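In terms of my numbering, the numbers along the sequence shown are unbroken and rise by one, the last being 441. Everything on this sheet refers to the single structure shown next.
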Amino acid sequence: MTAHGELAAGEQPLRIVSILTSALPALLGTSQAPTRYTVPAVFSRQVSVPERTAIEGPETARRLTERGYPQVTLQVSDRRLLIGHTSLEQLEEGLAHELAVALVDIGRAVSRQRDERAAAAAVRQSAESERAVVVQRSVDRIAFE
297 MTAHGELAAG
307 EQPLRIVSIL
317 TSALPALLGT
327 SQAPTRYTVP
337 AVFSRQVSVP
347 ERTAIEGPET
357 ARRLTERGYP
367 QVTLQVSDRR
377 LLIGHTSLEQ
387 LEEGLAHELA
397 VALVDIGRAV
407 SRQRDERAAA
417 AAVRQSAESE
427 RAVVVQRSVD
437 RIAFE
């Protein structure tokens, strides 16, 4: 990750690799099991700041609402995604796929934003270099004779 918490060149895309079974409600599989609960999922790597902002942001919430998951909440906690107000059944029936697609889209957007900032920085650097050359030429023309 870069100093700004963004993906570095060659860094792997963010994915969800598993569910942390040991953190699921103890009553799952019983008649007293809750219908909705928080499912802790494990990311493939540390989440960058821009990724976290997008995952927890209103655009992702809107996306989930449009796809039939208005009650679901997402919170990044270190290398975990806490998927709130859901169930294993809901994840199996399509929510897991929606989250995977959302992470791909977020990764692309973060990468595009990083590339745009890098291009803007290159333009600024070029302008600064040109300015420095002009100033140096002015200095070089001055003679204290």
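Note that the Cβ used here is the ideal one computed from N, Cα and C, for glycine as well. Nothing here was measured: the structure is a model prediction, and the numbers come from that model.
From the DSSP output, read off the bridge partner residues of threonine 382. Tyr333
To the nearest whole angstrom, what separates the beta carbons of valine 368 and threonine 382, a pair I think is in contact under 8 Å? 5 Å
Cutting at 7 Å between CB atoms, please list the residues of its own chain near threonine 356, excluding the five before and the five after it. Ala350, Leu370 and Ala398
Contact between the stretch 418-433 and the stretch 374-389: three or more CB pairs below 8 Å? no
So the candidates are Thr317, Ala322, Leu324 and Ala337; which of them puts its Cα closest to the Cα of leucine 391? Ala337
Do the CB positions of tyrosine 333 and leucine 320 come within less than 9 Å of each other? In contact: tyrosine 333 and leucine 320 (Cβ atoms closer than 9 Å).
Backbone CA spacing between glutamate 352 and glutamine 386 [nearest angstrom]: 19 Å
So for leucine 311, helix, strand or coil by DSSP? A small correction: the amino acid at residue 311 is arginine; leucine does not occupy that position in the sequence shown. Coil, per DSSP.
Start and end of the alpha helix (DSSP H) containing leucine 360? 354-362
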